[in-house]
Amino acid sequence: MSLLFKSRNTQGAGNNRHGISAIYFAMLNFIRQGVNSLGEMWRTPIASLMTILVLGLSLTLPATLYVVVKNVQQVSSGFSDAAEISLFVKEELNDAQTQTLVKRLALYPEIESVSYISKSQALKEFKQVSGFGQALDYLDENPLPNVVLVTPTVRYRKPQAAQQLLTKLEAEREVEFGKLDIAWLERLNALLSLLKESVFTVGLLLLSAVILIIGNTIRLSIMDKKEEIQVLKLVGATNAFIHTPFIWTGIWYGVIGGFVAFMSVVMMLWWLESAVAMVAGVYQSNFVLTGLNGNELLILLSLAIGLGFSGSYISVRKYIKDIEPDKV
Amino acid sequence: MIRFENVSKTYPGGHRALEKVSFELADGELAFLTGHSGAGKSTLLKLISVMERPSAGHVYINGVNLNVVKNRQIPYVRRDIGIIFQNHRLLDRYNVFDNVALPLVIDGMHHKNITKRVHAALDKVGLLDKVKCQPSTLSGGEQQRVGIARAIVNSPPLLLADEPTGNLDPELSMEILKLFEDFNRHGTAVLIATHDLGLIARMKYRSLTLDHGRLITDPLAQEVL
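Going down the list, the sequences are from chains R and G.
The first sequence begins at 1 in this note's numbering and counts up by one.
The second sequence begins at 1001 in this note's numbering and counts up by one.
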């Protein structure tokens, strides 16, 4: 393809190729440049390795936080049941009346078990646990109410069903009021969403850092090859031809950095596995750490590639434009 | 081949490098461009290779006005022009073959053809035995010839040379000039910028002389003609 001399045939790729064939050769060229730029990175192994490691570690942190959130979520999903309803019995009730209430409640189909804690029993327990033992002796009378603890059947442990059961139980005339203890569950969920938010924020910050790191690395490499770029421009290289190797370098940084991050997470999980098993054993739980699955690896890699591409693209657009052959 | 019409170039800062320069270089012509340092020789070559744009006037190559060439088309203009530099501008990271092959690779030529062409070009400048050498291991004259091979490897219709003999002794200079004559005989238009008046005097070619940005006729060259 000659701009000035229409009849000139340079035998280049632009000649006599149209449509699919031209696209095919453009793709082939693109891939060839990709392989070349991988070889180019191999020429400066230490510098490339450092960039890749920085990148990998910057990606490891958000990936780890993600794994933490994922596991905590898994643990807390086991806690989503409201296991107990406390019913505070009216004060004027005597023991016999309370016992009938307990028996009647036990017959409810929604209820698995019922237990009664009298106020003297509760006070004794409270003295032991709270450490206020001496001080409580000065009280004239026991301020604690009689409590009936109700454990719903599995079906009625879900927050909403438990709430319905509570309303039903509160309708019993002996019951002053009931309390469904889901506050801690709400708190856990609030904490979880806070954790998720912070993972998102930290992740965002680190990912922008990754773009900047790659951008800067590519900028240095552009500065390093300033003369080469000038010569390329002088012998008629298009911008695309000059840009592609740098873009590829960014992409390779992303691919390898993403893989490093994935491996770090895997290693970390492997390292923590026995410790986690021990903790789980103490709590008599059969909890196992969940790592990253194939889909998440794919997402991590494409994210890394996207970042590598963006970083290098920004640098290439910004800096190669300014390098012009100034001297004949 | 090349036509300048009242071309002026003023650099930012007010330096007037060229003033109303008009001339024409015929197809297949070889000409020298001379003048003292700073007379505007480099600027004139830069206008032809679109490294600079004229402040006024028009530059035509083969009848195409370079003013209408868009920035993204500049690479394609340069593929039609072989440019030879005083400091040869070879890439030290690559060997001689890769340096010479550069214009062909950029053009996307098939690698079989590339090998053939590069060998032909290196053969023409007499360096076929240095194909695998690094440029830094070659002598100045050899490096210059590699630069020439790179400029002619895709057989451009127009060759520009900026002080191609600047760093060479008279004997080597003559050899380089013989090369240019040879390309010229095969139909390539050649424009050589040089301040080596002795060299010009020995050859019977037209000479364009710049003085402070203006084109004047050179008495020495006229004497020879």
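Backbone N, C-alpha and C fix where the C-beta goes; we use that ideal spot for every residue, glycine too.
Keep in mind that this is a model prediction, so the values were computed, not measured.
List the residues of chain R that residue i touches, going by C-beta distances under 7 Å, in chain order.
| i | result |
| --- | --- |
| M1203 (chain G) | Within 7 Å Cβ-Cβ: nothing; M1203 (chain G) doesn't reach chain R, min ~22 Å. |
| P1103 (chain G) | V235 and G236 |
Helix, strand or coil for residue i per DSSP?
| i | result |
| --- | --- |
| S118 (chain R) | coil |
| K327 (chain R) | In this predicted model, K327 (chain R) has a pLDDT of only 46, less than 50, meaning its place in the structure is not dependable enough to derive any value. |
| T1226 (chain G) | The structure shown does not extend to residue 1226 (chain G), since chain G spans only 1001 to 1225, so no value can be given for it. |
| V89 (chain R) | strand |
| L1220 (chain G) | Residue placement at L1220 (chain G) cannot be trusted, given a pLDDT of 46 that sits under 50; the coordinates are not used to answer. |
| L1225 (chain G) | Caution applies to L1225 (chain G), whose pLDDT of 43 falls short of 50 and renders its modelled position unreliable; the value that the coordinates give is listed next. Coil. |
| I213 (chain R) | helix |
| N36 (chain R) | helix |
| K1116 (chain G) | helix |
| R104 (chain R) | helix |
| S193 (chain R) | helix |
| P152 (chain R) | strand |
| T290 (chain R) | coil |
| T244 (chain R) | helix |
| K1130 (chain G) | helix |
| L1191 (chain G) | strand |
| R43 (chain R) | helix |
| R1150 (chain G) | helix |
| A162 (chain R) | helix |
| H1058 (chain G) | strand |
| A261 (chain R) | helix |
| V175 (chain R) | strand |
| L188 (chain R) | helix |
| D1211 (chain G) | strand |
| A1026 (chain G) | coil |
Looking at residue j and residue i, is the spacing between their C-beta atoms short of 8 Å?
| i | j | result |
| --- | --- | --- |
| I222 (chain R) | I320 (chain R) | yes |
| G250 (chain R) | G203 (chain R) | no |
| S1008 (chain G) | S1055 (chain G) | yes |
| V154 (chain R) | L87 (chain R) | no |
| G1147 (chain G) | H1088 (chain G) | yes |
| R1078 (chain G) | V235 (chain R) | yes |
| L1122 (chain G) | V1100 (chain G) | yes |
| L292 (chain R) | F259 (chain R) | no |
| E174 (chain R) | K90 (chain R) | yes |
| L1210 (chain G) | L1033 (chain G) | yes |
| L1090 (chain G) | P1135 (chain G) | yes |
| W252 (chain R) | S21 (chain R) | no |
| V316 (chain R) | I247 (chain R) | yes |
| Q1086 (chain G) | N1167 (chain G) | yes |
| E1005 (chain G) | H1058 (chain G) | yes |
| S1207 (chain G) | A1017 (chain G) | no |
| L300 (chain R) | A63 (chain R) | yes |
| V276 (chain R) | L65 (chain R) | no |
| S58 (chain R) | D1080 (chain G) | no |
Please list, in chain order, the chain G residues whose beta carbon lies closer than 7 Å to that of residue i.
| i | result |
| --- | --- |
| N29 (chain R) | G1108 |
| A237 (chain R) | P1075 and I1106 |
| P325 (chain R) | M1051 |
| E197 (chain R) | Simply none; closest approach about 46 Å. |
| F241 (chain R) | I1106 |
So, for residue i: in the same chain, excluding its five sequence neighbours on each side, which residues have a beta-carbon less than 6 Å away from its beta-carbon?
| i | result |
| --- | --- |
| I85 (chain R) | V150, L166, G178 and L180 |
| R1214 (chain G) | E1019 |
| V68 (chain R) | none |
| T217 (chain R) | T51 |
| G965 (chain G) | The displayed coordinates of chain G run from 1001 to 1225. Any statement about residue 965 (chain G) would go beyond what the structure contains. |
Along chain G, which residues have their Cβ under 8 Å away from the Cβ of residue i?
| i | result |
| --- | --- |
| I48 (chain R) | The residue asked about is misnamed: residue 48 (chain R) is Ser in this sequence, not Ile. Result: empty, since nearest Cβ-Cβ is about 16 Å, beyond 8 Å. |
| S2 (chain R) | Y1076, R1079 and D1080 |
| F330 (chain R) | Summary: the structure shown does not reach residue 330 (chain R), with chain R confined to residues 1 through 328, and so no result is reported for it. |
| F262 (chain R) | Ordered by position in chain G, no residue passes the 8 Å Cβ test against F262 (chain R), which lies about 33 Å from the chain. |
Leaving out five residues before and five after residue i in sequence, what residues of the same chain have Cβ atoms less than 7 Å from its Cβ?
| i | result |
| --- | --- |
| S1187 (chain G) | Checking the sequence shown, residue 1187 (chain G) turns out to be Gly, not Ser. Counting only Cβ-Cβ distances below 7 Å, and skipping sequence neighbours, we find G1028. |
| L1045 (chain G) | L1160, D1162 and A1193 |
| A1026 (chain G) | M1001 |
| L344 (chain R) | Lying before the first or after the last residue shown, residue 344 (chain R) is absent from chain R, which here runs from 1 to 328. |
| A122 (chain R) | L144 and V147 |
| F1183 (chain G) | I1152, L1159 and V1190 |
| A161 (chain R) | R155 |
| S76 (chain R) | L188 and L192 |
| L289 (chain R) | N71, L269, L272, E273 and V276 |
| Q1143 (chain G) | H1088, L1090 and P1135 |
At 9 Å on the CB atoms, spell out the chain G contacts of residue i, in chain order.
| i | result |
| --- | --- |
| R8 (chain R) | D1080, S1155, P1156 and P1157 |
Residues in the same chain with beta-carbon distance under 8 Å from residue i, minus the five sequence neighbours each way, listed in chain order, please.
| i | result |
| --- | --- |
| V114 (chain R) | V102, L105, A106, V148, L149, V150 and T151 |
| F309 (chain R) | I247, G250, I251 and G254 |
| V266 (chain R) | G291 and L292 |
For residue i, which residues in chain R fall below 8 Å Cβ to Cβ?
| i | result |
| --- | --- |
| R1089 (chain G) | E227, Q230, V231 and L234 |
| N1062 (chain G) | L4 and F5 |
Runs of 3 residues minimum, wholly inside the segment 1029-1109 of chain G: which ones carry the beta strand (DSSP E) assignment?
1030-1035, 1056-1061 and 1081-1084
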